[in-house]
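Everything on this sheet refers to the single structure shown next.
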Amino acid sequence: MEIVLKTPLFFWGRLVLGLIFIFAAFEKILNPADFAGLVFNYQILPDRLINFTAVFLPWMEVLLGVLLVFGLWIPGAVILVNLLLLIFLSALMFNAARGLDIQCGCFSTGGAMTSHVTLSILRDVGLMVLALYLFYNIFLSETS
Amino acid sequence: MRCKGNKWLAGLLQAVGILFISALLSLIVNGLRPDRLPILADGTSRFRLATDPGKNLMVSLDEAKKHYFDRSAVFLDARSPEDYEQGHIKGAFNLPQENMEEKFSEVMENIPPERSIVVYCDGENCRSGSDLAVFLLEFGFTHVKVLVNGWSVWQENHLPVERNPRDIS
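Quick mapping for you: the protein sequence lines, in order, are chains A and B. Mapping of the first sequence onto this note's numbering: position 16 corresponds to residue 16, and the numbering continues sequentially without gaps. For any residue, its number in this note's numbering is found by taking its place in the second sequence, counting from 1, and adding 144.
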């Protein structure tokens, strides 16, 4: 577990990212049917994969969040976090580019929150930077 | 170098493990809850924005705007009469689910089946709009589209609305 006890920045980075992932999954786990609607609205996945994605994705987020917070399986968790954020970012940008005005569904499943796609993209980029920092520290930096 | 290679391998194995555990966890929890989603079934009829494969009922705001200003479509408000009274897209007719039977003929009798229709409700996930659209399609109207979260996006873009001051109490 030598990875866990890296620089303070690394420690806080994984803690913050982990908590954000857990927080993001909370409402989706409570309302899987609503979240399925959001996934559907993205108009990216084939219909048959919508329900599975809506059920699976939040639990993956929770598990990744817990692993990050407790410093377990960090290399694997960081790979998946990066992959996931990349997928989210691509999906957001893809729909922004084709002019589909849909809710992000990133942190909430409610319909009341107005969504601003640019804001969602920027937020995702911010998380991505954090995740890439962790990735760099584990896999690419000299001391790793 | 050897250490680095191990790290990648460990990372990949852990990643696979995490995917596996997440899938297991999610399927177990989904199986236990009373409001479980059918995992393998196509559950999207609940959202009903796509009917036949490849036929997408969603209309973008730009298209809806074009329809609106060209007067090439009828706008139908699927929200409750109370919501409608408080404000709606200017010129839209109210066709709420709750009194569909009495309102249907009143609203739809002068609309030819091939006329373009844009249905909206409020909220990204409101189903009344898409339910109404599917109902109209089944009824024989051929050009029905849904403006997702219509009332909100319409207001956000400062497009023409109509409000009834009497009913705002």
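The beta-carbon is built from N, C-alpha and C at its ideal position, and this holds for glycine as well.
Using a Cβ-Cβ cut-off of 8 angstroms (strictly less than) and excluding sequence neighbours within five positions of residue i, which residues of its own chain qualify?
| i | result |
| --- | --- |
| A:I121 | L89, L92, M93, A96 |
| B:T195 | In this prediction, B:T195 scores a pLDDT of 45, lower than 50, which makes its location untrustworthy; no coordinate-derived value is stated. |
| A:I44 | A91, F94, N95 |
| A:D124 | L85, F88, L89, L92, C106 |
| B:N243 | P225 |
| B:S296 | D266, G267 |
| A:L80 | M60, L64 |
| A:L15 | L68, V69 |
| B:S216 | K210, S260 |
| B:V203 | H211, V262, K289, V290, L291 |
Excluding the 5 residues flanking residue i on each side, which residues of the same chain have their C-beta closer than 6 angstroms to its C-beta?
| i | result |
| --- | --- |
| B:F237 | L220, V251 |
| B:L287 | Looking at the sequence itself, residue 287 of chain B is His, so the reference to Leu does not match. Only S260 meet the Cβ criterion. |
| A:P58 | A25, K28, I29 |
| A:I50 | A36, V39, F40 |
| A:F135 | V78, N82 |
| A:W73 | L67 |
| A:L140 | none |
| A:V117 | A96 |
| B:L303 | none |
| B:Q241 | S272 |
| A:L119 | none |
| B:I255 | V218 |
| B:F248 | none |
| B:K234 | P304, V305, E306 |
In the DSSP assignment, find the alpha helix (DSSP H) that holds residue i and state where it starts and stops.
| i | result |
| --- | --- |
| B:H211 | 205 to 214 |
| A:I121 | 117 to 135 |
| A:S141 | No alpha helix (DSSP H) contains A:S141, which DSSP labels as neither H nor E. |
| B:K247 | 244 to 252 |
| A:P75 | 74 to 97 |
Assuming residue i contacts residue j (C-beta within less than 8 angstroms), just tell me the rounded distance between them.
| i | j | result |
| --- | --- | --- |
| A:V62 | A:I22 | 6 angstroms |
| B:R223 | B:D266 | 6 angstroms |
| A:M128 | A:L64 | At roughly 14 angstroms, the Cβ-Cβ gap does not stay under 8 angstroms, so A:M128 and A:L64 are not in contact. |
| B:L291 | B:A208 | 5 angstroms |
| A:L130 | A:G13 | 5 angstroms |
| B:G161 | A:G76 | 7 angstroms |
| B:V305 | B:H211 | Actually they do not touch by this definition, with Cβ atoms about 16 angstroms apart. |
| B:I183 | B:L171 | 7 angstroms |
| B:E229 | B:N174 | That pair is no contact at about 41 angstroms. |
| A:D47 | A:T109 | No, A:D47 and A:T109 are not in contact; Cβ-Cβ is about 19 angstroms, not under 8 angstroms. |
| B:N301 | B:L205 | 7 angstroms |
Grab the span of the beta strand (DSSP E) containing residue i for me, first residue to last.
| i | result |
| --- | --- |
| B:L217 | Sequence inspection shows Ala at residue 217 of chain B; the Leu mentioned does not correspond to that position. Residues 217 to 221. |
| B:S260 | 260 to 264 |
Take residue i and list the residues in its own chain whose beta-carbon comes closer than 7 angstroms to its own, dropping the five residues that flank it on each side.
| i | result |
| --- | --- |
| A:Y42 | A91, N95, I102 |
| B:G284 | P257 |
| A:Y133 | G13 |
| A:T53 | V39, L45 |
| B:G273 | A222, V263, Y264, C265, V290, G294 |
Taking only three categories from DSSP, how would you classify residue i?
| i | result |
| --- | --- |
| A:F107 | coil |
| A:L102 | Note that residue 102 of chain A is Ile in the sequence shown, not Leu. Of the three classes helix, strand and coil, the one that applies to A:I102 here is coil, per DSSP. |
| B:N301 | coil |
| B:N308 | coil |
| B:I172 | helix |
| B:I233 | strand |
| B:P197 | For B:P197, the predicted model reports a pLDDT of 43, less than 50, meaning its position is unreliable; a value from the coordinates is still stated below. Coil at B:P197, not helix or strand. |
| B:M145 | The pLDDT assigned to B:M145 is 47, lower than 50, so where the model puts this residue is not dependable, and the model offers no usable value. |
Which runs of the alpha helix (DSSP H) spanning at least 4 residues fall entirely within the stretch 12 to 59 of chain A, listed in chain order?
-> 32 to 41
Exercise for review: Any chance you could list the beta strand (DSSP E) runs of at least 3 consecutive residues sitting entirely within the stretch 270 to 294 of chain B, in chain order?
Suggested key: 287 to 291
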